[in-house]
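In my numbering, the protein residues as written are 1160 to 1494. Glycine residues also receive a C-beta, built at the ideal position from the N, C-alpha and C atoms.
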């Protein structure tokens, strides 16, 4: 990989050094490595997850050093914007995991007008991760490796001047009936700008009535929308405990897809994404699922969060609202 810069400032040379240093870093912190040997990279990340976290602070000075004023005339302003973009990319080298976008799995996150409008206006953004144990983070080795925390870190790097809060409202063992009982107090009363609702896994495991699940989820989505939030549904994970019930699993994936289409909300196709890891990318199940055959491990959560974050960033950037959504939005309050 080669980095080329159209200017020769001292800041640019510093960024070249950061990028070169990143290329020498262990596989646990290098993004989007070559396609060959990918399975070995996943194993390296799993064993080195805590090393990655320890290096997070080391990467931050690159972002701070390049944080220069935007209001510069002509060519100088363009050069400074380029510095910022390169700094952002260099910083991500220390955070992104070796995780490839699945082929043939479309981005169905949809538009996120409320989040985009808040970012454009410089107003605080609240995102709630609502769900069961895989939202809560069961299977991760530490709180910082849950998917909501991973997602929050990615968004703060992408939008380094925004006030973004990500709240984890996951509770293990629950599905639509239990979640609906706490929807008002733990989600709607907070007035979030976006809700990522992971649901359906425990309905498959508990043989819940699909029609009742559909009714509850559709009602919940409608209530969240009425409060003014963007919604993204997340369907069940592709793991042995779920795939041993193929009819129920496929039925739940289709059910949530129909609700998303009906209510015009986004859906992150977690089942298909994880199936792509195993069936097309030849990643062993044990490399992204824990020994219980159900929950994701650190790498699984990291890749899930990263792909979801990429979809959110693309969706926000694609919205035409009459003003430019700032590319540097950040301020993250830990959960």
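For the alpha helix (DSSP H) containing residue i, list its first residue and its last residue.
| i | result |
| --- | --- |
| residue 1255 | Looking at the DSSP string, residue 1255 is not in any alpha helix (DSSP H), and its letter there is neither H nor E. |
| residue 1364 | 1360-1364 |
| residue 1398 | Counting along the chain, residue 1398 falls outside any alpha helix (DSSP H), and DSSP gives it neither H nor E. |
| residue 1405 | 1405-1422 |
| residue 1456 | Here residue 1456 belongs to no alpha helix (DSSP H), and DSSP marks it neither H nor E. |
| residue 1310 | 1306-1317 |
| residue 1381 | 1369-1385 |
| residue 1272 | 1272-1280 |
Considering just the uninterrupted stretch of the beta strand (DSSP E) at residue i, what are its terminal residues?
| i | result |
| --- | --- |
| residue 1353 | 1353-1357 |
| residue 1268 | Note, residue 1268: premise wrong, no beta strand (DSSP E); not H, not E. |
Taking buried to mean at least 16 other C-beta atoms within 10 Å of its own C-beta, is residue i buried or exposed?
| i | result |
| --- | --- |
| residue 1281 | exposed |
| residue 1499 | In the structure as shown, the chain begins at 1160 and stops at 1494. Residue 1499 is therefore absent and cannot be evaluated. |
| residue 1340 | exposed |
| residue 1372 | buried |
| residue 1226 | Unreliable placement is indicated for residue 1226, whose pLDDT of 33 sits below 50; no coordinate value is reported for it. |
| residue 1311 | buried |
| residue 1456 | buried |
| residue 1305 | buried |
| residue 1288 | buried |
| residue 1366 | exposed |
| residue 1405 | exposed |
| residue 1307 | buried |
| residue 1385 | exposed |
| residue 1319 | buried |
So, under 8 Å CB-CB, residue i and residue j are touching, yes? Tell me the CB distance rounded to an integer number of Å.
| i | j | result |
| --- | --- | --- |
| residue 1424 | residue 1392 | 6 Å |
| residue 1379 | residue 1414 | Residue 1379 to residue 1414, Cβ: 14 Å. No contact. |
| residue 1358 | residue 1459 | In fact, because the Cβ distance is near 18 Å, the residues do not count as touching under 8 Å. |
| residue 1465 | residue 1255 | 6 Å |
| residue 1410 | residue 1351 | Not confirmed; about 29 Å, so no contact. |
| residue 1461 | residue 1258 | 7 Å |
| residue 1426 | residue 1267 | 5 Å |
| residue 1401 | residue 1390 | Not quite, the Cβ-Cβ distance comes to about 23 Å (not below 8 Å), so this is no contact. |
| residue 1429 | residue 1381 | Wrong, their Cβ atoms sit about 22 Å apart, outside the cutoff. |
| residue 1468 | residue 1314 | 6 Å |
List the DSSP bridge partners of residue i.
| i | result |
| --- | --- |
| residue 1327 | 1288 |
| residue 1427 | 1393 |
| residue 1339 | Answer by DSSP bridge pairing: none, since residue 1339 is not bridged. |
| residue 1448 | 1455 |
Quick check: is any heavy atom of the ligand SAM less than 7 Å from the C-beta of residue i?
| i | result |
| --- | --- |
| residue 1291 | As far as ligands go, the structure on display features none, and thus does not contain the ligand SAM. |
Touching by the beta-carbon criterion (3+ pairs, under 8 Å), the segment 1331-1339 and the segment 1357-1371:
yes
Using 8 Å as the Cβ pair cut-off and three pairs as the minimum, do the segment 1296-1310 and the segment 1417-1426 touch?
no
Should the segment 1460-1480 be regarded as contacting the segment 1257-1276, the criterion being three or more beta carbon pairs within less than 8 Å?
yes
Is it true that the segment 1442-1449 meets the segment 1397-1414, where meeting means three or more beta-carbon pairs spaced less than 8 Å apart?
yes
Given 8 Å as the limit, is there contact between the segment 1434-1441 and the segment 1258-1267, that is, 3 or more CB pairs closer than that?
yes
Would the segment 1316-1327 and the segment 1282-1289 be scored as touching if the rule is three or more Cβ pairs under 8 Å?
yes
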